[in-house]
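Numbers in UniProt numbering are just positions in the sequence shown, counted from 1, shifted up by 712.
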Amino acid sequence: AKAAGRSTHYFFTDDLDKAVQESLLIESELRVALREYQFQLFYQPQIDLKTGKLFGFEALIRWNHPERGMVSPAIFIPVAEQSGLIVELGEWVLAEASMFIARLNHRYNENYTVAVNLSARQFKDKSVAKVIKSSIINARIKPEWLDIEITESMLMGDINEALHQLDDIKALGVQMSIDDFGTGYSSLSYLKKFPVDTLKVDRAFIKDIPDDTDDMAISDAIIALAHKLNMKVIAEGVETAEHVEFLVQNHCQIGQGYLFSQPIDEESLYKFIDNSTKP
Ligand code: C2E
Ligand code: CA
Ligand code: CA
Ligand code: CA
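#1: Just how far apart, CA to CA, sit Val744 and Ile921?
#2: Does the distance from the C-beta atom of Val826 to that of Ala809 stay below 8 Å?
#3: Under 8 Å, with one C-beta from each stretch per pair, do the region 941-961 and the region 739-756 reach the 3-pair mark?
#4: State yes or no: is the C-beta of Glu861 nearer than 7 Å to some heavy atom of ligand 2?
#5: Determine contact between the region 833-849 and the region 901-917, defined as no fewer than three beta-carbon pairs at a distance below 8 Å.
#6: Does the distance from the CB of Lys944 to the CB of Asp909 come in under 8 Å?
#7: Taking the beta strand (DSSP E) that Trp775 belongs to, which residues open and close that run?
#8: Within its chain, find whatever has a CB closer than 8 Å to the CB of Ala883; leave out the 5 residues flanking it on each side and keep chain order.
#9: Where does Gly869 land, buried or exposed, given buried means 16+ other C-beta within 10 angstroms?
#10: Flag Gly896 as yes when its Cβ comes closer than 7 Å to any non-hydrogen atom of ligand 1, and as no otherwise.
#11: Can you tell me whether Ser784 is buried or exposed, with buried defined as 16 or more other CB within 10 angstroms of its CB?
#12: Go to Glu808, then tell me how far its alpha helix (DSSP H) extends in each direction, as first and last residue.
#13: Quick one: what's got a C-beta closer than 6 Å to Glu861's C-beta in the same chain, skipping five residues either side?
#14: Pick out whichever of Met928, Phe917, Ile738 and Ile935 has its Cα sitting closest to the Cα of Glu779.
#15: Can you tell me which of Val886, Ala874 and Ser865 puts its alpha carbon nearest to the alpha carbon of Phe893?
#16: Check Gln968 in the structure and name its three-state DSSP category.
#17: Starting from the Cα of Gln877, find the closest Cα among His963, Phe958 and Arg833 and give me that residue.
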């Protein structure tokens, strides 16, 4: 316990040590988890806001830890990034999601898209396009069923390098989305050069609608910008009927959020589809 009277300095070092130890522990547990298949993908539905029809899903990783229970990706993805384990983990995610897409679209004879998150480290990796390609080939899926999500911040820095990577990935025929749009500082003038199909409006701009008029102005502007550049828009964090109303009024086609469903496992997802398509 932290005794009273200790200087802030010690206090700080203690906490820092703890944080370092914690992340080293997570790192070694991540290695075990990869070997022992403790990871699982959950999928969150994306809904066409006008028709209510299912558009696709986003794959979100879950770590089912034998003692800790479900560990949030917000905790272990950063550790996986720092340690480099994200490359192996990311390959697993791509392979797993691709096999899921094959099962899903054959089961329903549909063309649902499934979005997969790429981490910054994966995106920088020169072989990422090859990795994506082998997932597609192994699972025998149409490339356009796969949607690769990168965040706006990955497009900052060396723009030409980023463009090169994007072009290599896009050449596979997959779809590409910019995640958390509006939270980074990428230059808008480059946006038209990026081979991107979809902008995802960050939850931060959606959550206080209709109370926050600034957020409404920003969301509206992002939607308009996307459409002018011939891109689709997906709003994240859709939680209320008011959110939907605002988004439909402002011509945002697709929404994703707890109003429709939390991320769910494959079995629950088939039930979700079966229930929503019942006559
Ligand atoms: P993200 O890509 O922005 O994913 C959206 C997050 O918002 C997910 O959290 C999702 O469960 C949550 N969410 C969805 N709808 C709502 C809503 O209506 N309200 C609220 N409050 N939250 C909502 P999750 O699954 O905990 O993932 C957190 C982050 O971890 C993701 O943010 C993404 O950056 C990262 N992540 C998840 N899976 C992967 C993965 O397979 N690879 C990589 N590289 N990163 C991943
Ligand atoms: Ca995402
Ligand atoms: Ca996001
Ligand atoms: Ca986010």
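Where a beta carbon is used, it is the ideal one built from N, C-alpha and C, also for glycine.
From the atom records:
#1: Each residue's alpha carbon lies about 43 Å from the other.
#2: Yes. Within cutoff.
#3: Between the region 941-961 and the region 739-756, the count of Cβ pairs shorter than 8 Å is below three; the stretches do not touch.
#4: Flag set: Cβ of Glu861 near ligand 2.
#5: Using a C-beta cut-off of 8 Å, the region 833-849 makes no contact with the region 901-917, since fewer than three inter-stretch Cβ pairs fall below that distance.
#6: Yes, the pair counts as a contact, with Cβ atoms nearer than the cut-off.
#7: Where Trp775 is concerned, the enclosing beta strand (DSSP E) stretches over Leu766 to His777.
#8: Same-chain partners within the cutoff: Ala841.
#9: By the C-beta density criterion, Gly869 is exposed, having fewer than 16 other C-beta atoms within 10 angstroms.
#10: Short note on Gly896: C-beta not closer than 7 Å to any heavy atom of ligand 1.
#11: It is exposed - the Cβ of Ser784 has fewer than 16 other Cβ atoms within 10 Å.
#12: Ile798 to Tyr820 is the extent of the alpha helix (DSSP H) around Glu808.
#13: If we look at Glu861 and ignore the five residues flanking it on each side, its Cβ neighbours are Ala827, Asn829, Ser889 and Asp891.
#14: Out of Met928, Phe917, Ile738 and Ile935, the CA that lies nearest to the CA of Glu779 is found in Ile738.
#15: Distance from the Cα of Phe893 is smallest, within the candidate group Val886, Ala874 and Ser865, for Ser865.
#16: Of the three classes helix, strand and coil, the one that applies to Gln968 here is coil, per DSSP.
#17: Check the Cα spacing between Gln877 and each of His963, Phe958 and Arg833: the tightest is with Arg833.
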